[in-house]
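A.B. asks:
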Amino acid sequence: KNEVEQSPQNLTAQEGEFITINCSYSVGISALHWLQQHPGGGIVSLFMLSSGKKKHGRLIATINIQEKHSSLHITASHPRDSAVYICASPRSKTSYDKVIFGPGTSLSVIP
Amino acid sequence: DTGVSQNPRHKITKRGQNVTFRCDPISEHNRLYWYRQTLGQGPEFLTYFQNEAQLEKSRLLSDRFSAERPKGSFSTLEIQRTEQGDSAMYLCASSLMGGNTEAFFGQGTRLTVV
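So the protein lines, in turn, are chains W and Z. Numbering (my numbering) for the first sequence: 23 to 133. Numbering (my numbering) for the second sequence: 116 to 229.
What follows is the structure, encoded as structure tokens:
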């Protein structure tokens, strides 16, 4: 069983739709990291959160530490949002060497 | 550009050849991480440095792999006698020390061994 799981694995949406990607983890963590990876490989950091909710533009991330669950929401989705979204849990408070990455959710937004 | 920089972006090599990748982290970051990512999978940890010291190596890092960070700034990852199974995206990230610090990733180097 993976320590960090994501759902769905693949997602296709029409432009403008509200999108939710879920991340569940079984290990104890202090924070969760949402990352975006475009075709070509580059990874961009979206959010690092340890409680509550964070918002940046059309992206919203929430986390419930007790339930070991986080969600990434995209409002008014756009084709440029098409990417793989990865959640990661740095298990150590001080280092990314123990980070556990989820398998990623591949999002495709169709015009 | 003050982000994490990796070179080259793509590398095609013949099996058995040696390859070296470079990572330039964000200048004030004292931690540097190397990951490997195969198609359809999340990144897997390979090794990391705190300043010039290599603090941990994954079991994924066979004897053919070596990483250095000689002056605590840029880092190199060398793969000797490449095998087809080494074909992957090699990602570098850097961060500050401290609680809940965020790691910033480079664009990656895609290695294809033919």
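We treat Cβ as the ideally placed atom computed from N, Cα and C, and that holds for glycine.
(1) Cutting at 6 Å between CB atoms, please list the residues of its own chain near W/I122, excluding the five before and the five after it.
(2) With DSSP as the reference, label W/R102 as helix, strand or coil.
(3) As a quick exercise: from Z/C138, Z/F160, Z/G155 and Z/L192, pick the residue whose alpha carbon is nearest that of Z/Q276.
(4) Are Z/L161 and Z/F180 touching if we call contact CB-CB under 9 Å?
(5) Hey, could you find the ends of the beta strand (DSSP E) W/I87 is sitting in?
(6) Return the CA-CA distance between Z/M212 and Z/L175, expressed in angstroms with no decimal places.
(7) Could you give the C-beta distance for Z/Y148 and Z/A203, rounded to a whole number, given that I count them as a contact under 8 Å?
(8) Would you list the residues sitting across from W/H95 in a DSSP beta bridge?
(9) Could you name the residues of the stretch 128-162 of chain Z whose beta carbon sits closer than 9 Å to any beta carbon of chain W, in the order they occur along the chain?
(10) Going by DSSP in three states, Z/G221 sits in which element: helix, strand or coil?
(11) Quick one: Cα of W/L94 to Cα of W/A83, how far?
(12) Among W/V131, W/P133, W/G126 and W/I132, which has the Cα closest to the Cα of Z/L154?
(13) Alpha carbon to alpha carbon, how far is W/Q31 from W/M70?
(14) Within 10 angstroms of the Cβ of W/S29, are there 16 or more other Cβ atoms? Answer buried if so, exposed if not.
(15) So, is the C-beta of Z/R225 closer than 9 Å to a C-beta in chain W?
(16) With a threshold of 9 Å between beta carbons, is W/S67 in contact with chain Z?
(17) Z/K172 lies in the beta strand (DSSP E); which residues open and close that run?
(18) Compare the C-beta of Z/G187 with all C-beta atoms of chain W and state if any pair is closer than 9 Å.
(19) Would the beta-carbon of W/L33 fall within 9 Å of that of W/I43?
C.D. replies: A quick look at the data gives this:
(1) Translated into positions along the first sequence, residue 122 of chain W becomes position 100. Sequence-distant Cβ neighbours of W/I122 in its own chain, meaning closer than 6 Å and more than five residues away, are E25, V26 and S111.
(2) Taking the first residue of the first sequence as position 1, residue 102 of chain W is located at position 80. Per DSSP, reduced to three states, the secondary structure at W/R102 is helical.
(3) Because chain Z here runs from 116 to 229, residue 276 of chain Z falls outside it and cannot be looked at.
(4) Residue numbering aside, residue 161 of chain Z sits at position 46 when the second sequence is read from its first letter. Residue numbering aside, residue 180 of chain Z sits at position 65 when the second sequence is read from its first letter. Yes, these two residues count as a Cβ contact at 9 Å.
(5) One-based indexing of the first sequence puts residue 87 of chain W at position 65. Unbroken run through W/I87: none, as it is neither H nor E.
(6) Position 97 of the second sequence holds residue 212 of chain Z. Position 60 of the second sequence holds residue 175 of chain Z. Separation of Z/M212 and Z/L175 (C-alpha to C-alpha, rounded to the nearest whole angstrom) is 24 Å.
(7) Stepping through the second sequence from its first residue, residue 148 of chain Z is reached at position 33. Stepping through the second sequence from its first residue, residue 203 of chain Z is reached at position 88. Not quite, the Cβ-Cβ distance comes to about 15 Å (not below 8 Å), so this is no contact.
(8) Translated into positions along the first sequence, residue 95 of chain W becomes position 73. The partner list for W/H95 (beta bridge, DSSP) reads W/T42 and W/I82.
(9) In summary, the residues of the stretch 128-162 of chain Z whose CB is separated from some CB of chain W by less than 9 Å are R146, Y148, Y150, Q152, G155, Q156, G157, P158, E159, F160 and T162, in the order they occur in the chain.
(10) Position 106 of the second sequence holds residue 221 of chain Z. Three-state DSSP puts Z/G221 in coil, outside helix and strand.
(11) Locating residue 94 of chain W in the first sequence gives position 72, where the first residue counts as 1. Locating residue 83 of chain W in the first sequence gives position 61, where the first residue counts as 1. Counting only the Cα atoms, W/A83 lies some 5 Å from W/L94.
(12) Taking the second sequence and counting its residues from 1, the one referred to as residue 154 of chain Z is at position 39. Ranking W/V131, W/P133, W/G126 and W/I132 by Cα distance to Z/L154 puts W/G126 first.
(13) The residue given as residue 31 of chain W occupies position 9 in the first sequence. The residue given as residue 70 of chain W occupies position 48 in the first sequence. Roughly 21 Å separates the two Cα atoms.
(14) If you number the first sequence from 1, residue 29 of chain W lands on position 7. Looking at its Cβ environment, which holds fewer than 16 other Cβ atoms inside 10 Å, W/S29 is exposed.
(15) On the second sequence, residue 225 of chain Z is found 110 positions in, with the first residue counted as 1. Closer than 9 Å: yes.
(16) Taking the first residue of the first sequence as position 1, residue 67 of chain W is located at position 45. Yes - at least one Cβ of chain Z is within 9 Å of the one on W/S67.
(17) The count along the second sequence starts at 1 and reaches residue 172 of chain Z at position 57. Counted as a single uninterrupted DSSP element, the beta strand (DSSP E) harbouring Z/K172 occupies residues A168 to K172.
(18) Looking up residue 187 of chain Z in the second sequence gives position 72. No, no contact with chain W.
(19) By one-based count along the first sequence, residue 33 of chain W stands at place 11. By one-based count along the first sequence, residue 43 of chain W stands at place 21. Yes, the pair counts as a contact, with Cβ atoms nearer than the cut-off.
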